[in-house]
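One structure is given below, encoded as structure tokens.
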Amino acid sequence: TGATGHVEVYDCDYDVIGDAPKDATYESLIKHFFMFHDPTTLNRQGNDAGTQYASVIFCHDNVQLEIATRVKEELQALVDAGKVKYSGPTVSTAVVPATTFYPAEAYHQAYLENNPGFHP
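If you count the sequence shown from 1, position 55 lands on 48 in this note's numbering, and the numbers rise without skipping.
Below, the structure is given as structure tokens:
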């Protein structure tokens, strides 16, 4: 309902494979994040609207914060130059320090697996 002050997020643990630096892998994850949703819609993801659907990147340290902020700024420059198109002109994704993560209720877990006809 948006009344809790929480945002629906995905908590991701990742391992680096091979010789890739961990920072480069994190940057790849952030770039992927911006590819699979519209970061210019404030408090909205597709048909779902409300503060619980905000676009947010929660960072666990200063390195992640710097990388996510830089990638967001680079994306905004591409949007400004007309090289990347979204529904709006401003990347509204918040980049903030991580706080306590609370898993969603059971009915939200594995949503697409449990709702196979749903296509975002």
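Every residue gets a Cβ at the ideal spot worked out from N, C-alpha and C, and that includes glycine.
Output the distance between the C-alpha atoms of residue i and residue j, rounded to the nearest integer angstrom.
i: Thr18; j: Val9; result: 7 Å
i: Val72; j: Lys78; result: 6 Å
i: Asn108; j: Glu98; result: 15 Å
i: Gly43; j: Asn36; result: 5 Å
i: His25; j: Val64; result: 11 Å
i: Glu67; j: Glu20; result: 12 Å
i: Ala61; j: Ala74; result: 20 Å
Could you say which of the options lies nearest to residue i if we only look at CA atoms?
i: Pro82; options: Ile23, Gln69 and Val88; result: Gln69
i: Val56; options: Val89, Gly75 and Tyr95; result: Val89
i: Ala47; options: Tyr3, Glu106 and Tyr100; result: Tyr3
i: Asp41; options: Val0, Tyr7, Ala61 and Leu22; result: Val0
i: Cys5; options: Leu105, Pro96, Glu106 and Gly110; result: Pro96
i: Ile23; options: Gln45, Gly39 and Glu59; result: Glu59
So what does residue i bridge to, in DSSP terms?
i: Pro32; result: In the DSSP output, where bridge partners are listed per residue, Pro32 has none listed.
i: Ile50; result: Val88
If contacts are defined as beta-carbon pairs under 8 Å, then residue i and residue j qualify, I think. What distance do you get, rounded to the angstrom?
i: Ala103; j: Phe51; result: 21 Å between Cβ atoms; not a contact.
i: Thr33; j: Val84; result: 6 Å
i: Thr93; j: Val49; result: Not really, about 14 Å apart at Cβ, beyond 8 Å.
i: Asp31; j: Ser80; result: 6 Å
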